[in-house]
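One structure is given below, encoded as structure tokens.
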Amino acid sequence: MKFRLAVLAVAALGVLGLAQPIKIGCLLEFTGGCAAYGQMARDALEFARAVGIVPTEVLGRPIELVYFDARTEPTEAATGATRLIQVEKVVAIIGTMCSGPFLGAAEIVQAAGVPMIGPTTTNPLTTQVGDYLFRACFTDDDQGPVAADLALSFFGAKTAAVVIDVAQAYCVGLGKYFIEAFEALGGKVVATLYCRTGDVDYTAQLTEIMRVNPDIIYTPNYYTEVALMARQARDLGLTQPILGADGLYAPELIEIGGAAVEGIHFTTFWHPDLATGIALRYVEEYRKYFGRDPDAFGALAVDCYLLIVDAIQRAGSADPKAIKEALQTADLEVITGRTIMTPQGDPIKDFVFLKVENGQFVYATMIPAARAAEIKKLMGK
Amino acid sequence: MATYLQQLLNGVTLGSLYALIAIGYTMVYGILRLINFAHGDVFMWAGYWVFFLVVLFHLPWWMAALCAVALTALMGVAIERVAYRPLREAPRISLLITAIGVSFLLENLIIVLPWAGGRQKPYPTPAFMTQIYQAGNVRIQGVTIWVPLIAAACLLGLIFLVYRTKVGRAMRAIATDTETTALMGADINRVISYTFLVGSALAAVGGILWGCRYPRLQWDLGIMPGWRAFTAAVIGGIGNIVGAMLGGFLLGLAEILIVAFLPGLSGFRDALIFAILIFFLLFRPTGLLGKPLKEKV
Numbered sequence: 000m001k002f003r004l005a006v007l008a009v010a011a012l013g014v015l016g017l018a019q020p021i022k023i024g025c026l027l028e029f030t031g032g033c034a035a036y037g038q039m040a041r042d043a044l045e046f047a048r049a050v051g052i053v054p055t056e057v058l059g060r061p062i063e064l065v066y067f068d069a070r071t072e073p074t075e076a077a078t079g080a081t082r083l084i085q086v087e088k089v090v091a092i093i094g095t096m097c098s099g100p101f102l103g104a105a106e107i108v109q110a111a112g113v114p115m116i117g118p119t120t121t122n123p124l125t126t127q128v129g130d131y132l133f134r135a136c137f138t139d140d141d142q143g144p145v146a147a148d149l150a151l152s153f154f155g156a157k158t159a160a161v162v163i164d165v166a167q168a169y170c171v172g173l174g175k176y177f178i179e180a181f182e183a184l185g186g187k188v189v190a191t192l193y194c195r196t197g198d199v200d201y202t203a204q205l206t207e208i209m210r211v212n213p214d215i216i217y218t219p220n221y222y223t224e225v226a227l228m229a230r231q232a233r234d235l236g237l238t239q240p241i242l243g244a245d246g247l248y249a250p251e252l253i254e255i256g257g258a259a260v261e262g263i264h265f266t267t268f269w270h271p272d273l274a275t276g277i278a279l280r281y282v283e284e285y286r287k288y289f290g291r292d293p294d295a296f297g298a299l300a301v302d303c304y305l306l307i308v309d310a311i312q313r314a315g316s317a318d319p320k321a322i323k324e325a326l327q328t329a330d331l332e333v334i335t336g337r338t339i340m341t342p343q344g345d346p347i348k349d350f351v352f353l354k355v356e357n358g359q360f361v362y363a364t365m366i367p368a369a370r371a372a373e374i375k376k377l378m379g380k
Numbered sequence: 000m001a002t003y004l005q006q007l008l009n010g011v012t013l014g015s016l017y018a019l020i021a022i023g024y025t026m027v028y029g030i031l032r033l034i035n036f037a038h039g040d041v042f043m044w045a046g047y048w049v050f051f052l053v054v055l056f057h058l059p060w061w062m063a064a065l066c067a068v069a070l071t072a073l074m075g076v077a078i079e080r081v082a083y084r085p086l087r088e089a090p091r092i093s094l095l096i097t098a099i100g101v102s103f104l105l106e107n108l109i110i111v112l113p114w115a116g117g118r119q120k121p122y123p124t125p126a127f128m129t130q131i132y133q134a135g136n137v138r139i140q141g142v143t144i145w146v147p148l149i150a151a152a153c154l155l156g157l158i159f160l161v162y163r164t165k166v167g168r169a170m171r172a173i174a175t176d177t178e179t180t181a182l183m184g185a186d187i188n189r190v191i192s193y194t195f196l197v198g199s200a201l202a203a204v205g206g207i208l209w210g211c212r213y214p215r216l217q218w219d220l221g222i223m224p225g226w227r228a229f230t231a232a233v234i235g236g237i238g239n240i241v242g243a244m245l246g247g248f249l250l251g252l253a254e255i256l257i258v259a260f261l262p263g264l265s266g267f268r269d270a271l272i273f274a275i276l277i278f279f280l281l282f283r284p285t286g287l288l289g290k291p292l293k294e295k296v
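In the order they appear, the protein sequences are chains A and B. Under numbering that gives the first Met the number 0, the first sequence has 291 at position 292, and the numbering climbs by one with no breaks. Under numbering that gives the first Met the number 0, the second sequence has 98 at position 99, and the numbering climbs by one with no breaks.
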């Protein structure tokens with residue numbers, strides 16, 4: 000009798016043990032300068048799980064998401080990573096959306112040996128900290144040259160002014176890559192000006208730009224800054240085209256920028272018009288669920304989720320080290336298209352060029368990843 | 000030439016806004032010897048009040064703006080009543096820490112409120128503020144004209160209040176010596192409430208105009224202007240109302256002119272601004288207009 004009970008108890012424990020959830024941390028920006036990205040990512044993850052577009056269990060165990068607000072601050076991200084790993088015992092982390100906070104958490108995550116994958120962390124440095132760090136997007140040393148090429152060929156610009164947010168690793172890096180490429184490809188940067196995250200007054204920088212009168216203005220900054228800057232630029236009478244980057248793809252750009260952001264073009268990751276395969280259902284269901292178009296930030300967060308679940312499946316284990324090794328060889332059809340991971344943690348992805356038209360983000364054209372390599376060759380790299 | 004005129008206008012507009020906020024810091028400091036850290040957040044709330052009233056209650060803009068001034072002023076009084084008055088006899092450091100606590104409360108309230116949240120909201124701006132006027136090569140936005148005008152009107156009203164009315168005399172008396180004023184039969188608590196009412200109302204005017212100029216609402220939008228206005232108050236001589244106005248204008252101009260004349264150093268703008276604060280604290284802690292204090296413990 001006693002023996003039977005013991006067997007039952009062991010069996011019960013075993014079942015319970017197996018059914019224990021696998022925890023994935025979501026270190027996302029819900030407040031701060033990039034609150035839109037984190038909230039779009041959470042919306043997309045919750046929706047994709049609720050509707051059943053992504054699996055909610057793997058290896059027979061349920062998957063549980065644990066959120067932490069990275070507040071768009073490197074120090075907050077570091078705190079969050081420590082908490083998710085030590086207290087919540089997550090096996091992998093999705094996030095952060097921005098490069099600066101990612102770099103804040105990178106060392107901690109690497110030392111703890113838990114894989115972390117940034118949906119939209121484009122700064123090349125983020126995955127160079129160690130082998131546990133990944134991204135699901137392209138890098139800025141490709142995005143900068145692609146933007147420079149568009150400025151020259153698409154807009155026919157010969158001179159450019161660049162306004163860089165010095166408080167963000169993303170903006171500083173991308174601004175540098177753009178300037179390098181624009182000058183190497185024959186253009187001339189006539190003014191490089193700086194601002195800081197949270198700035199609201201750009202009139203001094205813009206009045207200076209008016210004085211040097213460039214053909215185009217490049218702003219590798221977040222929507223927060225660009226919406227107000229565009230308003231002030233148009234109010235001051237600047238009519239030059241404004242070219243931006245992936246940081247602009249948030250509804251706030253249009254809500255706050257209004258008519259001033261009409262005609263802004265920017266390079267980014269994805270647009271619902273490009274959906275194929277499982278993304279078709281994702282786009283259709285998303286529109287039904289939220290009554291709005293899906294965005295690239297949410298799509299890439301779901302991509303990270305799919306990549307991690309696929310890695311756990313292929314590794315046959317939820318051990319962080321095994322997940323990392325499986326992630327390094329990932330080749331998966333996800334929402335934003337086929338993602339082939341490299342051992343460095345940087346997948347090869349295409350570029351999408353969007354514009355703001357009638358208060359909507361409209362697809363303009365696509366630049367294949369191979370083009371970025373060609374441009375870099377032209378630059379003599 | 001047009002460029003410099005444009006930059007000057009940019010600077011005056013920004014300076015007027017700083018002046019309006021700086022007064023709240025300086026008035027409260029003059030009377031309670033307290034750096035009211037929540038002041039920048041009171042300023043932020045004014046913008047949200049307009050947003051709530053226009054978007055949720057569909058009030059016309061001017062009515063929403065007037066209600067927002069009233070609500071923000073009452074908010075200032077309530078903060079003093081609930082958080083600062085019980086600590087009147089406590090060590091000054093307790094008051095300071097309470098002020099920081101109130102600041103966090105006001106910010107996080109915005110984050111958790113369902114109609115506000117952590118994401119940015121567009122501030123409703125009336126058309127007369129965004130209207131563009133062209134004079135030669137200089138383009139002026141309606142708000143650039145209205146901000147200095149409204150600020151000047153408020154500041155004149157304030158000077159009248161402080162130097163020509165009974166409440167104003169009581170405020171100045173308390174600033175000089177609280178105990179003696181109390182012995183003379185003045186109701187200290189009432190006068191302090193008035194101080195918070197006026198200071199918060201001016202911050203509200205500042206917040207509403209700030210929104211028209213920079214139409215983006217965010218829970219932390221009061222922090223930086225708050226610090227800048229505090230710097231302005233120190234430059235002008237903290238406790239001195241005219242000094243706060245002067246400091247506000249100077250700081251606004253300095254901020255714009257640093258970028259205008261040294262575009263290559265625009266990334267160091269904030270560092271330079273706060274270097275000015277440190278300079279004043281070290282070498283002229285009483286500011287431009289403050290009288291050198293003998294000993295005030």
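The beta-carbon is built from N, C-alpha and C at its ideal position, and this holds for glycine as well.
Check: Within 9 Å (strictly less), CB to CB, does I257(B) reach chain A?
Finding: At least one CB atom of chain A sits nearer than 9 Å to the CB of I257(B).
Checklist line | Exposure of M62(B), with buried meaning 16 or more beta-carbon neighbours within 10 Å | finding: Counting of Cβ neighbours within 10 angstroms places M62(B) among the exposed residues, the total staying below 16.
Margin query: Taking 9 Å as the threshold (C-beta atoms), are D130(A) and G344(A) in contact?
Written below: Between G344(A) and D130(A), the C-beta gap is smaller than 9 Å, which places the two residues in contact.
Notebook entry, point to check: Is it buried or exposed for W114(B), if we count other Cβ within 10 angstroms and need 16 for buried?
Noted result: If you draw a 10 Å sphere on the C-beta of W114(B), you find fewer than 16 other C-beta atoms in it, and that means exposed.
Checklist line | Residue burial classification, V171(A) (beta-carbon count within 10 angstroms, cutoff 16) | finding: Per the 10 Å Cβ criterion, buried.
Check: According to the Cβ coordinates, are A180(A) and G143(A) closer than 9 Å?
Finding: Result yes, Cβ atoms of A180(A) and G143(A) sit closer than 9 Å.
Next item on the list: Kindly give me the distance between the Cβ atoms of G116(B) and M128(B), rounded to whole angstroms, as I take these residues to be in contact under 8 Å.
Entry: Contact flag wrong, Cβ pair sits at about 25 Å.
Notebook entry, point to check: What residue range is occupied by the uninterrupted beta strand (DSSP E) comprising L26(A)?
Noted result: I21 to L27 is the extent of the beta strand (DSSP E) around L26(A).
Next item on the list: Take G251(B) and list the residues in its own chain whose beta-carbon comes closer than 6 Å to its own, dropping the five residues that flank it on each side.
Entry: Hits under 6 Å: G10, L13, G14 and Y17.
Margin query: Rounded to the nearest angstrom, what separates T2(B) and L279(A) at their Cα positions?
Written below: For T2(B) and L279(A), the distance between alpha carbons rounds to 51 Å.
Check: Between the beta-carbon of I84(A) and the beta-carbon of Y304(A), is there less than 9 Å?
Finding: Their beta carbons are not under 9 Å apart, which means I84(A) does not touch Y304(A) by this criterion.
Notebook entry, point to check: Which ranges would you report for the alpha helix (DSSP H) in the segment 64–148 of chain A if only whole runs of at least 4 residues count?
Noted result: Listed in chain order, they are 73–85 and 98–111.
Note to self: Using the three-state DSSP reduction, which class does L242(A) fall into: helix, strand or coil?
What the structure shows: Under the three-state reduction of DSSP, L242(A) is assigned to strand.
Note to self: For R48(A), tell me which candidate among R233(A), Y281(A) and E373(A) has the shortest Cα-Cα distance.
What the structure shows: Closest in C-alpha terms to R48(A), from the list R233(A), Y281(A) and E373(A), comes Y281(A).
Margin query: Determine whether the beta carbon atoms of D139(A) and L184(A) lie at a separation below 9 Å.
Written below: Between D139(A) and L184(A), the gap from beta carbon to beta carbon reaches 9 Å or more.
Item checked: Straight-line gap, G156(B) to I272(B) (C-alpha atoms, nearest Å) -> Separation of G156(B) and I272(B) (C-alpha to C-alpha, rounded to the nearest whole angstrom) is 29 Å.
Next item on the list: Between the Cα of A232(B) and those of I222(B), A243(B) and W226(B), spot the shortest distance and give me the residue it belongs to.
Entry: Checked all of I222(B), A243(B) and W226(B); the closest Cα to A232(B) is A243(B).
Note to self: Taking its Cβ as the centre, do 16 or more other Cβ atoms sit within 10 Å of H57(B), making it buried, or is it exposed?
What the structure shows: Exposed.
Item checked: DSSP state of F36(B) mapped onto helix, strand, coil -> It is coil, neither helix nor strand.
Next item on the list: Anything in chain A within Cβ reach of R189(B), meaning under 7 Å, just list it in chain order.
Entry: Contact annotation for R189(B) against chain A: no contact, minimum CB-CB distance about 37 Å [criterion: below 7 Å].
Margin query: Between C194(A) and chain B, is the shortest Cβ-Cβ distance under 9 Å, so that the two count as touching?
Written below: Yes, contact with chain B.
Notebook entry, point to check: Just reading off the beta strand (DSSP E) that E88(B) is part of, what are its end residues?
Noted result: Per DSSP, E88(B) lies in no beta strand (DSSP E) and is assigned neither H nor E.
Notebook entry, point to check: Does the beta-carbon of R118(B) have 16 or more other beta-carbons within 10 angstroms, so that it is buried, or is it exposed?
Noted result: Burial is judged here by how many other beta carbons sit within 10 angstroms of a residue's own beta carbon; R118(B) has at least 16 and is buried.
Next item on the list: Could you check the C-alpha separation between F229(B) and G247(B) for me, to the nearest Å?
Entry: Going from the Cα of F229(B) to the Cα of G247(B) covers about 9 Å.
Notebook entry, point to check: For the alpha helix (DSSP H) that K187(A) lies in, which residues bound it at each end?
Noted result: From DSSP, K187(A) is part of no alpha helix (DSSP H) but of the beta strand (DSSP E) over K187 to C194.
Item checked: Distance between T74(A) and W226(B) (C-alpha atoms, nearest Å) -> For W226(B) and T74(A), the distance between alpha carbons rounds to 21 Å.
Item checked: Burial state of E373(A), where buried means 16 or more other Cβ atoms lie within 10 Å -> By the 10 Å Cβ count, E373(A) comes out exposed.
Next item on the list: For the segment 18–77 of chain B, list the beta strand (DSSP E) runs that are entirely contained and at least 3 residues long, ordered along the chain.
Entry: Within the segment 18–77 of chain B, no complete beta strand (DSSP E) run reaches 3 residues.
Check: Alpha carbon to alpha carbon, how far is R163(B) from F51(B)?
Finding: Distance between the alpha carbons of R163(B) and F51(B) is about 36 Å.
Checklist line | Which listed residue (A34(A), A76(A), R210(A) and R134(A)) has its alpha carbon closest to that of Q327(A) | finding: Q327(A) has its Cα closest to that of R134(A), out of A34(A), A76(A), R210(A) and R134(A).
Note to self: Please identify the residue among L33(B), V41(B) and E88(B) whose C-alpha is closest to the C-alpha of L104(B).
What the structure shows: Closest option to L104(B), Cα to Cα, is V41(B).
Check: What number of angstroms, rounded off, separates the C-alpha of R195(A) from the C-alpha of V113(A)?
Finding: Distance between the alpha carbons of R195(A) and V113(A): 32 Å.
Notebook entry, point to check: What's the call for K323(A), buried or exposed, on a 16-neighbour Cβ count within 10 Å?
Noted result: Here K323(A) is buried. Its C-beta has 16 or more other C-beta atoms within 10 Å.
Next item on the list: With a 10 Å radius around its C-beta and 16 neighbouring C-beta atoms as the bar for buried, classify D176(B) as buried or exposed.
Entry: In this structure D176(B) is exposed. Its beta-carbon is surrounded by fewer than 16 other beta-carbon atoms within 10 angstroms.
Margin query: Going by DSSP in three states, I366(A) sits in which element: helix, strand or coil?
Written below: Judged by DSSP in its simplified three-state form, I366(A) adopts strand.
Item checked: Chain-order list of residues whose beta-carbon lies under 7 Å from that of M0(B) (same chain, five-residue window excluded) -> Within the same chain, M0(B) has no close Cβ partners at all.
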